[in-house]
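K.L.:
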Amino acid sequence: MIELKSAEEIDRMAVAGQFVGELIQELSGVAAVGVNLMDIEHHARRRISERGAESCYWDYAPSFGRGPFRNVLCLSVNDAVLHGLPHDYVLRDGDLLSIDMALGINGWNADSAYSFVVGTPDPADLKLIEATRVALEAGIAAAQPGGRIGDISAAIGQVAHSYGYGVNHEFGGHGIGRTMHEAPHVSNDGRARRGMRLDPGLTLAIEPWLCRTTDKIRYDEDGWTIRSSDGSRTAHSEHTIAVTPDGPRVLTRRPGEGAPGAAATPGSRAER
């Protein structure tokens, strides 16, 4: 069942979304060469507790994974792209880190992901990150009232292919609201003018993710961490949005991030 949210309910989701954006921005500043992933995890736990928010990941136990998930973040490094378990790993110069976080405040949830390079960036990594960010903005721009969900998928896929990357169809975006994962599924490639109608009140997490030289994935023994099948670098960008009568409203933008419709500029920790 797909629940359309009222304007007031979207405003409540925006409260959670603002905190998600702010905290991801804060955590990207914590991440640096020599920092342990578990330091980032514990920093997030403290800030979530201080805000009175709840992690959507803690105790999450879907059909995949060896659950329940016992962290508040997904931290995916280099060839890991989704569901990376925070663990005892010290960040190195040039690591590509993806932070994925979903939080709830007063029963309403928001989800976002951000990839960046720690230390000295490889231009190929910056291109990959840029592709996910441009694809995300294209998907958001396509989330127009009266359109179709295939419009979002087609916009994302067109950008990915224009950069020369393949698209995996196993994981994509999703509805979100009272719970982290709601219907519908939002593929990262598809056909425009196909699929369910985009009515005002629909809230979605749109999340293009790409691997540099493959569209195939493999799982770590932990049952959670998803990596590129060939060990190539990966990137992941995500925002929670609401379809409104006036167009898409982004609920999880980070402080200082570009205005809606403007593609984010890729950068490294050294450049910010």
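Using the UniProt record's numbering, the letters of the sequence shown map in sequence onto residues 1 to 272.
C-beta atoms are modelled at their ideal positions from N, C-alpha and C, and glycine is treated no differently.
Which residue comes first and which comes last in the beta strand (DSSP E) that contains Thr-244?
P.N.:
The residue given as residue 244 occupies position 244 in the sequence shown. Note, Thr-244: beta strand (DSSP E), 239-244.
K.L.:
I think Gly-172 touches Glu-207, with their Cβ atoms under 8 Å apart; what is that distance to the nearest whole Å?
P.N.:
Taking the first residue of the sequence shown as position 1, residue 172 is located at position 172. Taking the first residue of the sequence shown as position 1, residue 207 is located at position 207. So it is a contact: roughly 7 Å between Cβ atoms.
K.L.:
In this structure, how does DSSP classify Ser-55 when only helix, strand and coil are distinguished?
P.N.:
As a position in the sequence shown, residue 55 is number 55, starting the count at 1. Looking at Ser-55 - three-state DSSP - the assignment turns out to be strand.
K.L.:
Counting only the same chain and skipping the five closest in sequence on each side, list residues whose C-beta sits under 7 Å from that of Gly-157.
P.N.:
Residue 157 sits at position 157 when you count from the first residue of the sequence shown. Excluding positions up to five away in sequence, the list reads Val-167, Asn-188, Asp-189 and Gly-190.
K.L.:
Just to confirm my understanding: we take His-181, look at its own chain, exclude 5 residues before and 5 after, and list those with CB closer than 7 Å. What are they?
P.N.:
Here residue 181 is taken as the residue at index 181 of the sequence shown, counted from 1. Contacts found: His-174.
K.L.:
Any idea which residues DSSP pairs Asn-109 with across the strands?
P.N.:
Position 109 of the sequence shown, counted from the first residue, corresponds to residue 109. According to DSSP, Asn-109 bridges with Gly-104.
K.L.:
Please state the DSSP three-state secondary structure of Ala-183.
P.N.:
Start at 1 with the first residue of the sequence shown, and residue 183 comes out as number 183. Of the three classes helix, strand and coil, the one that applies to Ala-183 here is strand, per DSSP.
K.L.:
Classify Met-13: buried if its beta carbon has 16 or more other beta carbons within 10 angstroms, exposed otherwise.
P.N.:
Against the sequence shown, residue 13 aligns to sequence position 13. Buried, since its Cβ has 16 or more Cβ neighbours within 10 Å.
K.L.:
Do Asp-199 and Thr-213 come within 9 Å of each other at the CB atom, strictly closer than that value?
P.N.:
Taking the first residue of the sequence shown as position 1, residue 213 is located at position 213. Taking the first residue of the sequence shown as position 1, residue 199 is located at position 199. In this structure, Asp-199 does not lie closer than 9 Å to Thr-213 by Cβ.
K.L.:
Do you know offhand how far Glu-3's Cα is from Glu-54's?
P.N.:
What you label residue 3 is simply residue 3 of the sequence shown in a count that begins at 1. What you label residue 54 is simply residue 54 of the sequence shown in a count that begins at 1. Spanning the two alpha carbons is a distance of roughly 22 Å.
K.L.:
Where does His-42 sit, in a helix, a strand or coil, going by DSSP?
P.N.:
Numbered from its first residue, the sequence shown carries residue 42 at position 42. In the structure shown, His-42 sits in a helix (DSSP, three-state: H, G or I).
K.L.:
Looking at the structure shown, is Ile-99 part of a helix, part of a strand, or coil, going by DSSP?
P.N.:
The residue you call residue 99 lines up with position 99 of the sequence shown. Three-state DSSP puts Ile-99 in a strand.
K.L.:
Buried or exposed: His-236, going by 16 or more other Cβ atoms within 10 Å of its Cβ?
P.N.:
Within the sequence shown, numbered from 1, the residue matching residue 236 stands at position 236. Buried is the label assigned to His-236, since at least 16 other Cβ atoms lie within 10 Å of its Cβ.
K.L.:
Please name the residue, chosen from Ser-63, Ser-228 and Arg-70, that lies closest to His-87 on a Cα-to-Cα basis.
P.N.:
On the sequence shown, residue 87 is found 87 positions in, with the first residue counted as 1. Of Ser-63, Ser-228 and Arg-70, the residue nearest in Cα terms is Arg-70.
K.L.:
Locate the beta strand (DSSP E) running through Pro-206, then write down its first and last residues.
P.N.:
Here residue 206 refers to the residue found at position 206 of the sequence shown. Reading off the sequence shown, one finds Ile at residue 206, where the question assumed Pro. For Ile-206, the uninterrupted beta strand (DSSP E) segment begins and ends at 203-206.
K.L.:
If Asp-95 and Val-81 are in contact, beta carbons under 8 Å, what's the gap, nearest whole angstrom?
P.N.:
Position 95 of the sequence shown, counted from the start, is the residue given in the question as residue 95. Position 81 of the sequence shown, counted from the start, is the residue given in the question as residue 81. About 14 Å; that fails the 8 Å criterion.
K.L.:
Can Pro-184 and Gly-195 be called in contact, C-beta distance under 9 Å?
P.N.:
Within the sequence shown, numbered from 1, the residue matching residue 184 stands at position 184. Within the sequence shown, numbered from 1, the residue matching residue 195 stands at position 195. Gly-195 sits close to Pro-184, with the two beta carbons spaced by under 9 Å.
K.L.:
What residues in its chain sit with their C-beta under 8 Å from that of Pro-245, if we drop five residues either side in the sequence?
P.N.:
Numbered from 1 along the sequence shown, position 245 holds the residue referred to as residue 245. If we look at Pro-245 and ignore the five residues flanking it on each side, its Cβ neighbours are Pro-145 and Pro-200.
K.L.:
Going by DSSP, what residues sit across from Trp-209 in a beta bridge?
P.N.:
In the sequence shown, counting from the first residue as 1, residue 209 sits at position 209. Answer is His-236, bridged to Trp-209.
K.L.:
How about Val-134 and Val-159: are their beta carbons less than 9 Å apart?
P.N.:
Taking the sequence shown and counting its residues from 1, the one referred to as residue 134 is at position 134. Taking the sequence shown and counting its residues from 1, the one referred to as residue 159 is at position 159. Remark: C-beta atoms of Val-134 and Val-159 approach each other more closely than 9 Å.
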